[in-house]
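S.K.: Pasting in a structure now, in structure tokens, and then I'll have a few things to ask.
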Amino acid sequence: MQSAGLLPVSVLLSLTAVCAQLSSYADLTADFGADVAFTCSLGSGGGAADIVQVSLLRRKGTVATYSKRFGEQIHDPRVRWTASTSTAAPVVTIRNVTWTDDACYTCTFSVYPTGSHSRHTCLRVQGISNIRTDVQQNQTQPRELVVSCTATGKPAPAVRWHTASMNLSEDAISQEAKENADKTFTVSSNLTLTASTAFVDCLVEGGAAGPRVERISLPVWSEKGHKEVDTEHGSTAGMIVGGIISVVIIGAIATVALKIQKRETGQQPKQGSPDFPLPSHFVQFFPGDPEAFPGQARDMWCV
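Here it is in structure tokens:
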């Protein structure tokens, strides 16, 4: 009776010993939109045993699996699996990482006869995922513009303004930030300025890639607050119109010159004859022709 009671305990201890050798990899950091590679290594715990299956897991499910029986199984089209011949050190690459890839991962090796061996690592995704810009006219001051620049990222992006043609006052800038459900931050910055410059730059800093610059073209407004020229397209449109007018003028001058040259170099028509060809069914009578109209000094054309 006593030995029978000890049997479940010994089995439990045996299973616990086989089930896992837990250790950790160094954490990884990647910018939003970059590629990141996980290198799974069994280490010394598996010895020279036979590796049956390797899996990369995270809390929401399996990312990729490789087994001798079923081969490679990818559960995300962005994932690429590169396994060595022994499958002891596979590399799993996730391309174009997003905020949902910010998580902790587990490499699990199913080894015969020792059982399962796991190692853990965490990925931290940082950087900027989105930048939006806009230009609006101030409703109370027609010649003032309100330029906005909104950036989403993690950690909270730093948004600054720059223009080479004028100094920007801190009073002209308002800014607010909010945290989103996915632990990212959205920072919105508004700049109020008079329409006296062609463009303004929004500088957004976040992540390892360095600052990103968004150049915002500004329209030109009249004294009454009417939009005159879009500086982004106005100069190009003016060049096109000017080019068309120049071509038309040059073509007209060339045509007139060619006509004058033809007149000067062409043969003078004979006296009494028209300066254009006559149809074959016309007959010309010259003055003084006794056989045509005796005694009359005039021309007549007839059919």
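Just so we're aligned: the sequence shown equals residues -20 to -1, 1 to 283 in mature numbering (1 follows the signal peptide of the UniProt record, and there is no 0). Don't be surprised by glycine CBs; every beta carbon is placed ideally from N, CA and C. Just so it is clear, the structure is predicted and the values come from calculations on it, not from any experiment.
When you compare each of 82, 46, 129 and 75 to residue 14 by their alpha carbons, which one comes out closest?
M.R.: For residue 14, the closest C-alpha among the options 82, 46, 129 and 75 is that of 75.
S.K.: Checking the sheet assignment: what are the DSSP bridge partners for residue 11?
M.R.: 106
S.K.: Candidates 61, 240 and 164: which alpha carbon is nearest residue 310's?
M.R.: Missing from the structure shown is residue 310; the chain here goes from -20 to 283 and no further.
S.K.: How many Å lie between residue 58 and residue 109 at the Cα?
M.R.: Taking the straight line joining both Cα atoms gives about 17 Å.
S.K.: In terms of alpha-carbon separation, which member of 34, 47, 232 and 132 lies closest to residue 161?
M.R.: That would be 132, whose Cα lies nearest to the Cα of residue 161.
S.K.: I'd like the list of long-range same chain contacts for residue 69, defined as Cβ closer than 6 Å, with 5 residues on each side in sequence excluded.
M.R.: Same-chain partners within the cutoff: 21.
S.K.: Could you compute how far the alpha carbon of residue 244 sits from the alpha carbon of residue 197?
M.R.: Going by the C-alpha atoms only, they are around 56 Å apart.
S.K.: Beta-carbon separation of residue 125 and residue 115 under 8 Å?
M.R.: yes
S.K.: Between which two residues does the beta strand (DSSP E) holding residue 186 run?
M.R.: Residue 186 -> no beta strand (DSSP E), and no H or E assigned at all.
S.K.: Three-state secondary structure (DSSP) at residue 239?
M.R.: helix
S.K.: Would you call residue 40 buried or exposed, if buried means 16 or more other Cβ atoms sit within 10 Å of its Cβ?
M.R.: exposed
S.K.: Looking at residue 48: is its Cβ nearer than 8 Å to the Cβ of residue 72?
M.R.: In this structure, residue 72 does not lie closer than 8 Å to residue 48 by Cβ.
S.K.: Tell me the start and end of each unbroken beta strand (DSSP E) in the stretch 26 to 70 that is at least 3 residues and wholly inside, in chain order.
M.R.: 30 to 38, 41 to 47, 51 to 54 and 59 to 62
S.K.: Can you grab the Cα-Cα spacing for the pair residue 7 / residue 98, in whole Å?
M.R.: 15 Å
S.K.: Cβ of residue 37 within 8 Å of Cβ of residue 88?
M.R.: Yes.
S.K.: Any idea what DSSP makes of residue 151, helix, strand or coil?
M.R.: helix
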